[in-house]
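Participant: If you use the UniProt record's numbering, the sequence shown closes out at 454, no skipped numbers anywhere.
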Amino acid sequence: MVEKNNEYILDIIGIGYEGEGIAKVEGYPIFIEGAILGEKVRVLIVKAKKSYAYGKLLEVIEASEDRIEPKCKVYKRCGGCTVQHMNYKKQLDYKFERVKDCISKIGGLNSELVKYPIGMELPERYRNKVQLPVGLVKGELNIGFYAPRSHNIIDLETCLIQDEIADKVTSIAKKWMKNYNIEPASIDGIFNKNGLIRHIMIRKGFTTNEVMVVLVSTKKNVPYIGEFINEIKNNIEGIKSIILNINSENTNVILGQECITLWGEDTITDYIENFKFNISPLSFFQVNPVQTEKLYSKALEYAGLTGEETVFDAYCGTGTITLFLSQKAKKVYGVEIIEPAIINARENARINNVENAEFFVGKSEEVIPDLIAKGIIPDVIVVDPPRKGCDIKLLEAIGEAKPERVVYVSCDPSTLARDLKILEEKGYRTEKVQPVDMFPHTSHVENVALLTRN
1 MVEKNNEYIL
11 DIIGIGYEGE
21 GIAKVEGYPI
31 FIEGAILGEK
41 VRVLIVKAKK
51 SYAYGKLLEV
61 IEASEDRIEP
71 KCKVYKRCGG
81 CTVQHMNYKK
91 QLDYKFERVK
101 DCISKIGGLN
111 SELVKYPIGM
121 ELPERYRNKV
131 QLPVGLVKGE
141 LNIGFYAPRS
151 HNIIDLETCL
161 IQDEIADKVT
171 SIAKKWMKNY
181 NIEPASIDGI
191 FNKNGLIRHI
201 MIRKGFTTNE
211 VMVVLVSTKK
221 NVPYIGEFIN
231 EIKNNIEGIK
241 SIILNINSEN
251 TNVILGQECI
261 TLWGEDTITD
271 YIENFKFNIS
281 PLSFFQVNPV
291 QTEKLYSKAL
301 EYAGLTGEET
311 VFDAYCGTGT
321 ITLFLSQKAK
331 KVYGVEIIEP
341 AIINARENAR
351 INNVENAEFF
361 VGKSEEVIPD
371 LIAKGIIPDV
381 IVVDPPRKGC
391 DIKLLEAIGE
401 AKPERVVYVS
411 CDPSTLARDL
421 KILEEKGYRT
431 EKVQPVDMFP
441 HTSHVENVAL
451 LTRN
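#1: How about C72 and L160: do their beta carbons lie closer than 7 Å?
#2: Quick one: is N128 buried, meaning 16 or more other Cβ sit within 10 Å of its Cβ, or exposed?
#3: Could you check whether the segment 110-121 touches the segment 429-444, counting it as contact only if at least three pairs of C-beta atoms, one from each stretch, sit closer than 8 Å?
#4: If you check the beta carbons only, do L450 and V407 fall under 7 Å apart?
#5: So the candidates are G375, Y88, L395, I376; which of them puts its Cα closest to the Cα of D384?
#6: If we call anything under 7 Å between Cβ atoms a contact, is S171 one with M212?
#7: Can you check whether the CB of L255 is closer than 7 Å to the CB of L215?
#8: Hey, quick one: how far does the beta strand (DSSP E) through V130 stretch, first residue to last?
#9: When you compare only the Cα positions, how much space is there between I103 and Y296?
#10: So does the segment 216-233 actually touch the segment 143-157, counting three or more Cβ pairs closer than 8 Å?
#11: What alpha helix (DSSP H) runs, 4 residues minimum, are completely inside the segment 332-399?
#12: Assess, as a yes-or-no matter, whether the segment 41-52 is touched by the segment 73-81 under the definition of 3 or more beta carbon pairs within less than 8 Å.
#13: May I ask you to report which of helix, strand or coil DSSP gives V213?
#14: In the DSSP assignment, find the unbroken beta strand (DSSP E) run with R98 in it and report its ends.
#15: Comparing C-alpha positions only, which one of I398, E164, A35 sits nearest to K90?
#16: What runs of the alpha helix (DSSP H), each 4 residues or longer, lie entirely inside the segment 155-186?
#17: For I190, which residues of its own chain have a beta-carbon under 7 Å away from its beta-carbon, when the five flanking residues on both sides are left out?
#18: Between N5, Y28, L416, which lies nearest to I13 when the distance is taken from Cα to Cα?
#19: Which of helix, strand or coil does DSSP assign to D66?
#20: What would DSSP say about S414, mapped onto helix, strand or coil?
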């Protein structure tokens, strides 16, 4: 029996969904972060449950040829890039196997439907947005990322998946807070209601190089804010927008609903292919613009449009996929429950002179049946749900609507596989699943699947 606080020498025989190595002792699985398939490792058992255990990697006795030394200094403590110890080809292999495993075991489908992931030529500095928590940690001001499964902030000078401009903004913010004794709203992971600064958010338009800096504060009145504005204006190339966002609640939600423009514009702009988007602090916009083009182009390809189709875009957000679909569709209807997102979507359609897209606020599972009842029959339905997947009522509505094609964009292979199984039961056949590596060095993978009606 495996016991907590004991050490073991183990062979890694599998990789878990989060990129952790898996070993077994008499059939009992042990999950080990940082271990790679094929390695022999020395492990300390840190948690032992009835049916599984977690081990801490102490030593790699026999290393995989795919192991590399992570470039990040805080890789072992930060909760972000959990597979940075694998070379990039191995990362893609792991994500390929993960998606195939979900499709076969959860979806009950043939894993050969899954294509090899579309990777990045340069898988570093790819993110156009970062949200950094701010807090005192043992008396020191830290700005960085949370450690895994905690609110302990890991201080960092640079992050290899963020744009370099974020490193510079972080340095300026830290000096400003120290120089003027600006108190953060977190002390050793506990909310400090008397503190001010909660997060710093930086957004950058990758095609325009426009920069937005957002201070998230518990109060509207921030002392020495003029000094902060001047430092950002004088030192950040491309700065277009400096925003104060107010969030006074003791919550894990990062942004509040109130934004005050301190300097410059309310938004920055960026492009995906030929489409222009105005991006506010609260706007949803894919964080990897290079891979977003590949993902949306694949979704458009799978939709198989000829210019005569009526298309529904469920969970349309700010209308990014909707606009892509509008290029080749007769009419596209976007549906989203969040009203500010629909306001942004309508504005995005206007500034891009898209006249064949119409947007509705509401639950997709309610709005789409209502549109059908009014005689609007879809030829294609595209869904891009949150991580939890589609609402069962929407899947039932798709089954009743009987579009010729369904294109499913997913950020979670497990819920994708679950929903594909349900759609198969409602008369659809999964043709192919294409993973797209939107988040190199992490365990996350985006997918787009094509289904056709039997």
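Ideal placement from N, C-alpha and C gives every residue a C-beta, glycine not left out.
Facilitator: Answer, in terms of the structure:
#1: As a first step, residue 72 must be located in the sequence shown, where it is residue number 72. As a first step, residue 160 must be located in the sequence shown, where it is residue number 160. Contact flag set, yes.
#2: Position 128 of the sequence shown, counted from the first residue, corresponds to residue 128. That one is buried.
#3: yes
#4: Along the sequence shown, one-based indexing puts residue 450 at 450. Along the sequence shown, one-based indexing puts residue 407 at 407. It is a contact, given that the beta carbons lie within the stated cut-off.
#5: Here residue 384 refers to the residue found at position 384 of the sequence shown. When only C-alpha atoms are compared, the closest one is L395.
#6: Taking the sequence shown and counting its residues from 1, one reaches residue 171 at position 171. Taking the sequence shown and counting its residues from 1, one reaches residue 212 at position 212. Not in contact: S171 and M212 (Cβ atoms no closer than 7 Å).
#7: What you label residue 215 is simply residue 215 of the sequence shown in a count that begins at 1. What you label residue 255 is simply residue 255 of the sequence shown in a count that begins at 1. No; because the gap between Cβ atoms is not below 7 Å, this pair is not in contact.
#8: Taking the first residue of the sequence shown as 1, we reach residue 130 at position 130. Segment 129-137, the beta strand (DSSP E) holding V130.
#9: One-based indexing of the sequence shown puts residue 103 at position 103. One-based indexing of the sequence shown puts residue 296 at position 296. Between I103 and Y296, the C-alpha separation is close to 21 Å.
#10: no
#11: 339-351, 364-373
#12: no
#13: To locate residue 213, count along the sequence shown from 1; it is residue 213. Strand, per DSSP.
#14: Mapped onto the sequence shown, residue 98 falls at position 98. No beta strand (DSSP E) contains R98, which is instead part of the alpha helix (DSSP H) from 88-105.
#15: Taking the sequence shown and counting its residues from 1, one reaches residue 90 at position 90. That would be A35, whose Cα lies nearest to the Cα of K90.
#16: 164-179
#17: As a position in the sequence shown, residue 190 is number 190, starting the count at 1. Excluding positions up to five away in sequence, the list is empty.
#18: By 1-based counting over the sequence shown, the position of residue 13 is 13. Of N5, Y28, L416, the residue nearest in Cα terms is Y28.
#19: Translated into positions along the sequence shown, residue 66 becomes position 66. Reduced to three states, the DSSP call for D66 is coil.
#20: As a first step, residue 414 is located in the sequence shown; it is residue number 414 there, counting from the start. If DSSP states are grouped into helix, strand and coil, S414 belongs with the helices.
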